[in-house]
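Protein chains in written order, with full-length UniProt numbering: chain A, 1 to 123; chain B, 1 to 123. A virtual CB, placed ideally from N, CA and C, is assigned to each residue, including glycine. Note that this is a predicted model, so its numbers are computed, not measured. Accompanying notes for the structure given below.
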């Protein structure tokens, strides 16, 4: 699988998990992982998923507009940059967002999220 | 200077240079640098600046809304995530954009842009 296909597969997996089983995202982070969510900095898989599961909405649906990826300087690391829309249940309009991930390989041959920065793009 | 202040100083320098002397951005990239601009992948300082200086507008003004940064796994590397508005001369409405930079240290104690991904956020 080339890097672009791998990035798209990661992105699809990430947002499908977010929308259907947010607590399951814990497997994608490690203790060293960093999330900056709307300017708030959080470190560690447990803390990150505690933040994501405590967001003030229950149902949401991400739809992805663009996925760009580049190799990072880390061995087999990958930078993934996403833009898309976030539809919350009961809200008329979708919210636009941008998010970046720095993925690093695990010894098991998979990837984890080393860095994650999320921002809503207010109109 | 802490990481947040350093990221903000870089961002201010980058967009001031972009808006006033776009060709001067060449000093911020190296031959290994990658730019993905609206999905188009470009490598190397000269090619990147050739792309940026050939964009179909002469005057523009970036205004920055948010700057987030995190240490990357690279030694002294830094991920910088920017959102903002881009006003082109003669256009009534500003364009919203998001951009991420992966900065790596130079032997001279400064930073260069190793990775750069830019996307307009269409309304």
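Look up residue 63 of chain B in the DSSP assignment and give the residues it is bridged to. B:85
Report whether the distance from the Cβ of residue 22 of chain B to the nearest heavy atom of the ligand ADP is below 8 Å. For the structure depicted, the ligand ADP is absent and the ligand set is empty, with no information on it obtainable.
Closer than 7 Å by beta-carbon distance: list the chain A residues that pair up with residue 70 of chain B, in chain order. 34, 36, 115 and 117
Residue 121 of chain B versus residue 35 of chain A: straight-line alpha-carbon distance, rounded: 22 Å
Nearest-angstrom beta carbon gap, residue 69 of chain B and residue 61 of chain B [assumed within contact, 8 Å]: No, residue 61 of chain B and residue 69 of chain B are not in contact; Cβ-Cβ is about 23 Å, not under 8 Å.
Just to make sure I have the definition right: I need the residues of chain B whose C-beta is within less than 9 Å of the C-beta of residue 66 of chain A. Which are they? 38, 39 and 119
Cβ atoms of residue 72 of chain B and residue 98 of chain A: under 9 Å apart, would you say? no
Can you tell me which of the three DSSP states residue 4 of chain B falls into? helix
So, with DSSP's three-state summary, where would you put residue 14 of chain A? helix
Find the residues of chain B that neighbour residue 100 of chain A, judging by a C-beta separation of less than 8 Å, and give them in chain order. 79, 81, 100 and 117
How big is the Cα-Cα spacing for residue 129 of chain B and residue 107 of chain A? Coverage of chain B is limited to positions 1 through 123, which leaves residue 129 of chain B absent and any answer about it impossible.
From the DSSP output, in three-state form, read off residue 104 of chain B for me. strand
Any idea if residue 10 of chain B is buried or exposed, counting beta-carbon neighbours within 10 angstroms, 16 or more meaning buried? buried
Do the region 85-101 of chain A and the region 50-67 of chain A make contact, defined as three or more Cβ pairs closer than 8 Å? yes
Can you have a look at residue 66 of chain B and say buried or exposed, based on whether 16 or more other CB atoms are within 10 angstroms of its CB? buried
Can at least three beta-carbon pairs, one atom from the region 43-54 of chain A and one from the region 2-16 of chain A, be found at a separation below 8 Å? no
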